[in-house]
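S.K.:
Residue numbers (this note's numbering): -19 to 373.
#1: Unbroken beta strand (DSSP E) runs of length 3 or more, entirely within the segment 175 to 217: which are they?
#2: Please classify residue 257 as buried or exposed, where buried requires at least 16 neighbouring CB atoms within 10 angstroms.
#3: Considering only the beta carbon of each residue, do residue 201 and residue 181 sit closer than 8 angstroms?
#4: Per DSSP, which one or two residues make a beta bridge with residue 120?
#5: Between which residues of its own chain and residue 236 is the CB-CB distance below 8 angstroms, once the five residues before and five after are set aside?
#6: What's the gap between the Cα of residue 122 and the Cα of residue 278?
#7: What do you get for residue 21, buried or exposed, if any count of 16 or more other CB atoms within 10 angstroms of its CB means buried?
#8: Can you check whether the CB of residue 133 is closer than 8 angstroms to the CB of residue 141?
#9: What whole-angstrom Cβ distance do residue -11 and residue 119 have, given they're in contact under 8 angstroms?
#10: Residue 65 to residue 184, Cα distance in whole Å?
#11: Smallest Cα separation from residue 87: which of 11, 111 and 41?
#12: Is residue -6 helix, strand or coil when you go by DSSP?
#13: Between the Cα of residue 189 and those of 227, 61 and 84, spot the shortest distance and give me the residue it belongs to.
#14: Beta strand (DSSP E) containing residue 351: first to last residue?
#15: Can you tell me where the beta strand (DSSP E) holding residue 21 begins and where it ends?
#16: What ranges does the alpha helix (DSSP H) occupy inside the segment 29 to 110, keeping only unbroken runs of at least 4 residues that lie completely in it?
#17: Helix, strand or coil, according to DSSP, for residue 158 in the structure here?
#18: With the cut-off set at 8 angstroms, would you say residue 110 and residue 145 are in Cβ contact?
#19: Where does the unbroken beta strand (DSSP E) through residue 12 begin, and where does it stop?
#20: Are the CB atoms of residue 245 and residue 153 within a distance shorter than 8 angstroms?
#21: Using beta carbons (cut-off 8 angstroms, strictly below), is residue -14 in contact with chain C?
#22: Could you tell me if residue 48 is buried or exposed, where buried requires 16 or more neighbouring beta carbons within 10 angstroms of its beta carbon?
#23: From the DSSP output, which residues share a beta bridge with residue -12?
#24: Alpha carbon to alpha carbon, what distance is there between residue 294 and residue 217?
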């Protein structure tokens, strides 16, 4: 079979992973990224066992795990700091083959980018149009135009590819709350356990990064686009400065200008993730709220599954239909589950908060772990997508 070409629109986690998977199967790939560099800023990322299994299929699990931190345990607390539920990371690894690993997003993106030939990465490339001219798909961008055998839309929540090929699809919907993300300076005595602390219409979470730093995140129910106080850091201190330890100390160790804030959106379900020679993956296909920590994990699954579906398939549209059947039901179910968990976490009416916290306290840990099996127990379709001699965990 002649070498086939793929244009990946978007150089984030999902787009780079798809490029790696296809490149290692013999495709000629190009990754078009609008930003001037392939990088991420400012926040951590949680990689659950299913994501590490996908990275293992790409031959990158060891490299990623070496850059991350594994906490022994964590869980959910109430507004007074009392534990509602606990998770043993060792048990998580025993059940699902990998632990929960947390690292900086920039480190993960660097590992992915370095797994591709440098000349396949085309930063500063803004996609202006994607169209079918009757002979194939044309991608027009600031460097010219491409006519590949496959186009992968991995360009995020407000995807240009989705807008071009799915013009009637509903746009992103606001989840009803904003999120802050930040990384502390190295701490002399970092907390031994991670936790998500639930309040009334607000949450604050923290988990360990390498080097004594902590990745922190917070949410608050607000109308979209709400302006806050003099700074995002000041707003966090106002909202969470009197919350249970170690939250005040963590906020004190966050640099003033190092707080990122985003309104949270998810994507209403699409009828298909594939049209002709075009496939969507990651947030472009199924943007979800971060309540399950599965956004990037599902993008990694998408990438590996897409390459598997195309492996040896003579007809690209047929292969993409198979990809759609494998990925759409799963990711849309996880999107709904994440939205439900977010609604639960953001409850503000005191009687409802009391019922929520009581139910969480009474739920056995083994039941919680069992309920995560459909998400974390994902297995890689087919053989590994590894280069000759690549190691994996």
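Note that the Cβ used here is the ideal one computed from N, Cα and C, for glycine as well.
M.R.: Well, looking at it:
#1: For secondary structure counted as the beta strand (DSSP E) over 3 or more consecutive residues, the segment 175 to 217 holds these complete runs in sequence order: 175 to 178, 182 to 188 and 194 to 201.
#2: So residue 257 ends up on the buried side.
#3: Yes.
#4: Looking at the DSSP assignment, residue 120 forms a beta bridge with 109 and 125.
#5: So the qualifying residues of the chain are 211 and 213.
#6: Whole-angstrom Cα-Cα distance: 29 angstroms.
#7: Residue 21 comes out exposed.
#8: A contact, by the Cβ cut-off of 8 angstroms.
#9: Indeed, because the Cβ distance is near 7 angstroms, the residues count as touching under 8 angstroms.
#10: Rounded to the nearest angstrom, the two C-alpha atoms are 15 angstroms apart.
#11: Minimum Cα distance to residue 87 is reached at 41.
#12: The DSSP-derived three-state label of residue -6 is helix.
#13: Comparing Cα positions, the closest option is 84.
#14: The continuous stretches of beta strand (DSSP E) do not include residue 351, which lies in the alpha helix (DSSP H) extending over residues 345 to 351.
#15: Residue 21 -> no beta strand (DSSP E), and no H or E assigned at all.
#16: Listed in chain order, the alpha helix (DSSP H) elements of length 4 or more contained wholly in the segment 29 to 110 are 29 to 37, 41 to 45, 69 to 76 and 85 to 94.
#17: In the structure shown, residue 158 sits in a strand (DSSP, three-state: E or B).
#18: Cβ atoms of residue 110 and residue 145: closer than 8 angstroms.
#19: Counted as a single uninterrupted DSSP element, the beta strand (DSSP E) harbouring residue 12 occupies residues 8 to 13.
#20: Yes. Within cutoff.
#21: Among the chains in the structure shown there is no chain C, since it carries only a single protein chain.
#22: The residue in question, residue 48, is buried, as its Cβ has 16 or more Cβ neighbours within 10 Å.
#23: For residue -12, which the question treats as bridged, DSSP gives the partners 11 and 132.
#24: Distance between the alpha carbons of residue 217 and residue 294: 58 angstroms.
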